[in-house]
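Have a look at the structure below before the remarks.
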Amino acid sequence: MIDEKEIFLLLEQDTMLDKAFGFILDKYQERLYWHIRRMVGSHEDANDVFQNTMIKAYKGIQKFQRKSTLLTWLYRIASNESLTFIKKRGRKETVSIDNEDLGLSNQVKAERYTEEGLAERYLKEAIDELPEKQRIVFIMRYYDEMPYQEIEKVLGTSVGGLKASYHHAAKKIEAYVRKQF
Amino acid sequence: MKKKTVREELEDIAPFLADLKEQSKGRRGPVPEGYFEEFRSEFFKKAEESKEDSSPKEAKVVKLSWRYIAVAASVAVLVLSLWFNNTLFVSAVEVQDSLTGLSIEEMYDYLDANIEEFAAEELASIAIDNEMDDFGIIEIGDEIIDEEYLDEEYLDAFEYEDLL
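Residue numbers (my numbering), protein chains in the order written: chain A, 47 to 227; chain B, 1235 to 1398.
Structure, rendered in structure tokens:
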């Protein structure tokens, strides 16, 4: 797969913007989508936020000064878009299972109610209850396994602060999920 | 000292969660079939439309800093007022665990990120237990922060290219 250097070489030519962005989508779209999906919950909401994220990236990419990696920059946009969306939706509102399952197969729905699916559902419920910024740190570390130094670049928060947030979040989630069993 | 992996770190903090993560490895929620291919093919049409809709924005970067000042000021005012009024000081053992070994700046970051979930008295307790007596980083003097700067719509109006 094409690397970031080659993408930037293409971006130096105005006529190659779409081609370069196509490579960006190939390379990062799934990762970014899942980051957003874990933040906002349902596929429908994730789709809207993901679309806004990629449009903003598309419009800003040629001015990107490469002070961080492309992925870090994209994560930053995705994270900000997700947080903005969550604020608009209202912090206390949780995603209902019905809404989340729109358009999904019955087989997939059934999986949610197996024991394994249940544990993940409790995990998700616990994550949804976290304060926004703590939630984003937890998701980046737990699911994306990002080094703290990378998260620092995305969120602009010191490594020590991030570690404290992650520890606090993990303990709370553990307590919540254990309580359900 | 050897750096801990993400898994080792999680096993230390939350072993049950570490097991759960291991069991559910590779499993993700469902996505409609062909979603990513479809997204890609639709994306460029939408990107083109958005180019036509966009108009140049005025410089707003300076005003954005008010948001951070406001957050920081809220924390400082809250903690200081409780502190000086000598109100309830409750122990926050769990929070203290998370803060052990952090510098004052890192604690500010932590509190800023998690402000919504702390009761005011907890914040005061943390501040006292950790001798967070230097609030000189926030100097807003007598100036009143205009609510306009805290308005959601105002903040939403920022474009990322303005921040590059």
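C-beta atoms are modelled at their ideal positions from N, C-alpha and C, and glycine is treated no differently.
- Across the set R1241(B), P1249(B), K1279(B), R1262(B), the C-alpha of R1262(B) shows the shortest separation from the C-alpha of G87(A).
- The three-state reading of DSSP puts G202(A) in coil, since its state is none of H, G, I, E or B.
- Two segments are said to touch when three or more pairs of C-beta atoms, one from each, lie closer than 8 Å; by this definition the segment 1271-1281 of chain B does not touch the segment 220-227 of chain A.
- Residues F184, Y188 of the same chain have their beta carbon placed closer than 8 Å to that of A216(A), with the five preceding and five following residues left out of the count.
- Annotation for P1249(B): the continuous alpha helix (DSSP H) segment containing it runs 1249-1257.
- The alpha-carbon separation between H89(A) and K1236(B) amounts to approximately 39 Å.
- For Q180(A), the secondary structure class from DSSP, reduced to helix, strand or coil, is helix.
- Put simply, the CB of K1259(B) is far from chain A, with every gap to its CB atoms at 8 Å or more.
- Counting only Cβ-Cβ distances below 8 Å, K1280(B) has contacts in chain A at Q97, I101, in chain order.
- D49(A) and S114(A) have their C-alpha atoms spaced approximately 15 Å apart.
- Taking a beta-carbon distance threshold of 8 Å, S1284(B) counts as an interface residue toward chain A.
- Taking C-beta atoms as the reference points, L57(A) and I107(A) count as a pair closer than 8 Å.
- Here F96(A) really is in contact with Y79(A); their C-beta atoms are around 5 Å apart, less than 8 Å.
- Of E196(A), L117(A), F69(A), A92(A), the smallest CA-CA separation from R135(A) is found for A92(A).
- At least 8 Å separates the CB of I82(A) from every CB of chain B.
- Here DSSP, grouped into helix, strand and coil, assigns F1277(B) to helix.
- The C-beta distance from T118(A) to K199(A) rounds to 5 Å, short enough to meet the 8 Å contact threshold.
- Between F1277(B) and L201(A), the gap from beta carbon to beta carbon reaches 8 Å or more.
- The beta carbon of N98(A) lies closer than 7 Å to those of E127 in the same chain, with the five residues before and after it left out.
- Under the three-state reduction of DSSP output, M85(A) falls in the helix class.
- Under the Cβ criterion of 8 Å, G1268(B) is not counted among the residues facing chain A.
- When Cβ-Cβ separations below 8 Å define contact, K1238(B) makes no contact with chain A.
- Contact of A124(A) with chain B is not assigned, every C-beta pair being separated by 8 Å or more.
- Taking the beta carbon of L169(A) as reference, the chain B residues within 7 Å of it are L1254, listed in sequence order.
- For the pair L116(A) and I53(A), the CB atoms are nearer than the 8 Å cut-off.
- DSSP, reduced to helix, strand and coil, places S125(A) within a helical segment of the structure shown.
- DSSP places S211(A) within a helical segment (H, G or I) once states are collapsed to three.
- Interface criterion met: the Cβ of Q75(A) is under 8 Å from a Cβ in chain B.
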